[in-house]
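Chemist: For reference, the structure I am asking about is given below.
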Amino acid sequence: MLRGFRVRLYPTATQEQFLSRTLGCVRVVWNQVLNWRKEQYAQHRTFGSYRDASGHLTELKRRPDFEFLREVSSVPLQQALRHQQRAFENFFAKRANFPRFKARANRGSATFAKTAFRIRDGRLHLAKLAEPVRWVWSFDVPVEELDVSSVTVTREPDGSWWASLCAEMTDSQEPEPPEPTGKAVGVDLGVHTFGTLSDEAEPLEAPDLRRKEANRKRYQRRMARKKPGSANRNKERKKAARAYRKERQAREDMLQKTTTRLVREYDTICLEDLHIPGLLKNRRMRALIQRLGWRRFRALLKAKCARAGKQLVIIDRWEPTSKQCSDCGFVLEQLRLDVRKWTCPGCGARHDRDVNAAKNILAAGLAVLAEQRARARATAEPEPAAGKACGAHVRPRGHSPPRQRAAKQEADLSDEVRPFSGRNGRE
Ligand SMILES: [Zn+2]
Numbered sequence: 003m004l005r006g007f008r009v010r011l012y013p014t015a016t017q018e019q020f021l022s023r024t025l026g027c028v029r030v031v032w033n034q035v036l037n038w039r040k041e042q043y044a045q046h047r048t049f050g051s052y053r054d055a056s057g058h059l060t061e062l063k064r065r066p067d068f069e070f071l072r073e074v075s076s077v078p079l080q081q082a083l084r085h086q087q088r089a090f091e092n093f094f095a096k097r098a099n100f101p102r103f104k105a106r107a108n109r110g111s112a113t114f115a116k117t118a119f120r121i122r123d124g125r126l127h128l129a130k131l132a133e134p135v136r137w138v139w140s141f142d143v144p145v146e147e148l149d150v151s152s153v154t155v156t157r158e159p160d161g162s163w164w165a166s167l168c169a170e171m172t173d174s175q176e177p178e179p180p181e182p183t184g185k186a187v188g189v190d191l192g193v194h195t196f197g198t199l200s201d202e203a204e205p206l207e208a209p210d211l212r213r214k215e216a217n218r219k220r221y222q223r224r225m226a227r228k229k230p231g232s233a234n235r236n237k238e239r240k241k242a243a244r245a246y247r248k249e250r251q252a253r254e255d256m257l258q259k260t261t262t263r264l265v266r267e268y269d270t271i272c273l274e275d276l277h278i279p280g281l282l283k284n285r286r287m288r289a290l291i292q293r294l295g296w297r298r299f300r301a302l303l304k305a306k307c308a309r310a311g312k313q314l315v316i317i318d319r320w321e322p323t324s325k326q327c328s329d330c331g332f333v334l335e336q337l338r339l340d341v342r343k344w345t346c347p348g349c350g351a352r353h354d355r356d357v358n359a360a361k362n363i364l365a366a367g368l369a370v371l372a373e374q375r376a377r378a379r380a381t382a383e384p385e386p387a388a389g390k391a392c393g394a395h396v397r398p399r400g401h402s403p404p405r406q407r408a409a410k411q412e413a414d415l416s417d418e419v420r421p422f423s424g425r426n427g428r429e
């Protein structure tokens with residue numbers, strides 16, 4: 003199994019200069035070759051193969067005006083062509099848009115394949131650099147024991163440097179897969195609490211990013227007041243970028259921890275589908291969802307469930323999860339957003355709004371699974387293996403989605419934003 007490790011680098015001034023130049027060359031090669039390929043297409047109706055592109059790079063390096071390309075390691079330049087080749091393949095397979103030119107930017111990256119780096123005594127040596135680049139390795143696996151296949155060096159907009167290592171893990175290096183627990187859970191994602199669990203276990207809490215966010219906005223405002231292109235403006239830009247990076251890291255950390263916890267504690271995890279692409283059309287919702295990291299949460303959960311042989315069930319959002327009593331099935335006409343607790347007129351049960359929703363999500367998820375099993379038995383096919391249904395979009399049969407669904411969820415969610423914004427004194 004491949005595993006990624008991302009670690010901060012502390013290059014010296016000379017190393018930083020060299021790395022910046024490498025990133026610049028990667029960008030030049032990408033753009034030059036992309037341009038050449040476009041010309042090829044105009045003339046010969048073909049974008050050319052990787053080998054053709056590689057040939058063009060060799061020609062480029064011979065030209066006096068591109069002499070500088072020879073000053074950096076040739077490996078990241080070659081890797082840039084590979085990345086471009088993949089970008090074209092994705093484009094042809096309709097998985098991605100046409101590859102774009104890279105702008106001169108504050109961020110960039112260069113990939114060093116096996117021949118262009120060495121890890122010795124826990125230190126990272128890059129081709130053409132005399133000294134190892136300083137880093138602090140703090141992962142559970144010692145870096146000397148890793149079978150690293152590539153190192154991607156990245157510069158963030160705040161000027162910090164990072165290395166992403168891609169390593170093939172041996173069986174003994176893999177963490178023990180979590181034991182089966184026999185437990186299933188429904189998760190209600192929300193704005194007040196990141197995730198409420200159907201069994202009323204400790205909820206999933208999001209980090210409080212408000213202070214970090216306020217910091218970043220302050221820097222951004224200060225930057226806007228400085229003269230464009232001035233050194234002071236750049237200084238403020240870096241501060242804002244740094245604050246932004248810290249925000250992102252705190253969120254990522256939380257998402258990693260909560261998803262690991264869920265996969266460890268439960269065998270079956272049921273989530274509501276959020277139809278995120280649709281929601282992203284609403285600018286305020288888009289900002290909110292990005293801040294909360296729901297998309298990333300789902301992707302991480304899907305990957306971790308698949309790896310651990312656990313099951314993730316995603317149910318459609320049309321079910322009235324908040325308004326339905328999880329005990330007797332009574333459906334309320336309406337439930338105002340500021341009502342956190344309510345009593346069911348049908349059976350008298352007292353509900354916490356989010357826990358009740360999580361219970362309904364669990365019930366819907368289990369119903370879906372039961373139906374899948376029944377269908378599998380009926381067609382005499384073997385039962386779907388655990389994790390097989392991972393991330394599948396499944397919907398209980400017999401209900402066609404109502405027409406107004408999209409409109410309904412839009413309204414639901416934007417309602418939910420309001421108390422949150424108010425509480426924080428925004429708007
Ligand atoms: Zn009830």
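Number 43 in the working numbering belongs to position 41 of the sequence shown; there are no gaps in the numbering.
Glycine included, each C-beta is placed from N, C-alpha and C at the ideal position.
If you scan the stretch 67–123 from start to end, which runs of the alpha helix (DSSP H) of 4 or more residues do you find wholly inside it?
Modeler: DSSP runs (the alpha helix (DSSP H)) wholly in the stretch 67–123: 76–94.
Chemist: Note down the Cα distance separating ALA394 from GLY350, rounded to an integer number of angstroms.
Modeler: Confidence at ALA394 is low in this model, with a pLDDT of 44, below 50, so the placement of that residue is unreliable and no value is reported for it.
Chemist: Over what stretch of residues does the alpha helix (DSSP H) that includes THR24 continue unbroken?
Modeler: Note, THR24: alpha helix (DSSP H), 15–46.
Chemist: Output needed for LEU167: all residues of its chain with C-beta closer than 6 Å, excluding positions within five of it in sequence on either side, in chain order.
Modeler: Closer than 6 Å at the Cβ level, and outside the excluded window around LEU167, lie PHE7, VAL150 and VAL153.
Chemist: Whole angstroms are fine: how far does the CA of PRO101 sit from the CA of PHE93?
Modeler: In a straight line, the C-alpha of PHE93 is about 7 Å away from that of PRO101.
Chemist: In the DSSP assignment, what are the bridge partners of ARG136?
Modeler: In DSSP, ARG136 forms a bridge with TYR12.
Chemist: For GLN313, list the residues DSSP reports as bridge partners.
Modeler: GLN313 pairs with THR270.
Chemist: Considering only C-alpha positions, which residue in the set SER232, PHE196, GLN19 and ASP329 is nearest to LYS130?
Modeler: Here the closest residue by C-alpha is GLN19.
Chemist: Using alpha carbons as the reference points, say which of PRO159, MET171, PHE299 and LYS306 lies closest to TYR246.
Modeler: Nearest of PRO159, MET171, PHE299 and LYS306 to TYR246, Cα basis: PRO159.
Chemist: Mind checking who GLU170 pairs with in its DSSP beta bridge?
Modeler: LEU4 and ASP149, per the DSSP bridge assignment.
Chemist: Three-state secondary structure (DSSP) at ARG288?
Modeler: ARG288 falls in the helix class under three-state DSSP.
Chemist: Decide if ALA365 is buried, meaning its Cβ has at least 16 other Cβ atoms within 10 Å, or exposed.
Modeler: Buried: at least 16 other Cβ atoms inside 10 Å.
Chemist: Report all residues from its chain with a CB closer than 7 Å to the CB of VAL135; omit the five preceding and five following residues, and keep chain order.
Modeler: For VAL135, where only same-chain residues beyond five positions count, the Cβ hits under 7 Å are LEU11, PRO13, GLN17, LEU126 and LEU128.
Chemist: Mapping the DSSP letters down to three states, classify ARG125 as helix, strand or coil.
Modeler: Correct three-state label for ARG125: strand.
Chemist: Quick check: the stretch 355–369 against the stretch 188–201, are there 3 or more CB pairs under 8 Å?
Modeler: A contact exists between the stretch 355–369 and the stretch 188–201.
Chemist: Let me know if GLY295 comes out buried or exposed under the rule of 16 or more other beta-carbons within 10 Å of its beta-carbon.
Modeler: Buried.
Chemist: For GLN326, which three-state DSSP category applies?
Modeler: Residue state, collapsed to three classes: strand.
Chemist: Can you list every residue whose CB sits closer than 6 Å to some heavy atom of ligand 1, going in chain order?
Modeler: Those residues, listed in chain order, are CYS327, ASP329, CYS330, PHE332, CYS346, GLY348, CYS349 and ALA351.
Chemist: Can you give me the C-alpha to C-alpha distance between ALA55 and GLU69, rounded to a whole angstrom?
Modeler: Looking at the two C-alpha atoms, the distance is approximately 18 Å.
Chemist: Assign THR117 to one of two classes, buried (16 or more other C-beta atoms within 10 Å of its C-beta) or exposed (fewer than that).
Modeler: Exposed, by the Cβ-count rule.
Chemist: Which whole runs of the alpha helix (DSSP H) in the stretch 209–237 are 4 residues long or more, in chain order?
Modeler: Here the runs fully enclosed are 212–227.
Chemist: Would PHE299 and THR323 be called neighbours here (beta carbons separated by less than 8 Å)?
Modeler: No; because the gap between Cβ atoms is not below 8 Å, this pair is not in contact.
Chemist: In its own chain, which residues sit with a C-beta less than 7 Å from the C-beta of LEU59, not counting the 5 before and 5 after it?
Modeler: Correct list, in chain order: VAL31, VAL35, LEU79 and LEU83.
Chemist: Do LEU211 and ARG253 have their C-beta atoms within less than 8 Å of each other?
Modeler: The answer is yes: Cβ separation under 8 Å.
Chemist: From SER51 to GLU41, what distance separates their C-alpha atoms?
Modeler: Straight-line Cα distance between these residues: approximately 14 Å.
Chemist: In the structure shown, what three-state DSSP assignment does ARG253 receive?
Modeler: Correct three-state label for ARG253: helix.
Chemist: Please go through the same chain and pick out, in chain order, the residues whose beta-carbon is closer than 7 Å to the beta-carbon of GLU73, but skip the five residues on each side of it.
Modeler: So the qualifying residues of the chain are ARG23.
Chemist: Just how far apart, CA to CA, sit PHE332 and GLU373?
Modeler: If you take the alpha carbons of PHE332 and GLU373, they lie about 23 Å apart.
Chemist: I need the DSSP call for THR154, collapsed to helix, strand or coil.
Modeler: Looking at THR154 - three-state DSSP - the assignment turns out to be strand.
Chemist: Does LYS185 come out as helix, strand or coil in the three-state DSSP assignment?
Modeler: Residue state, collapsed to three classes: coil.
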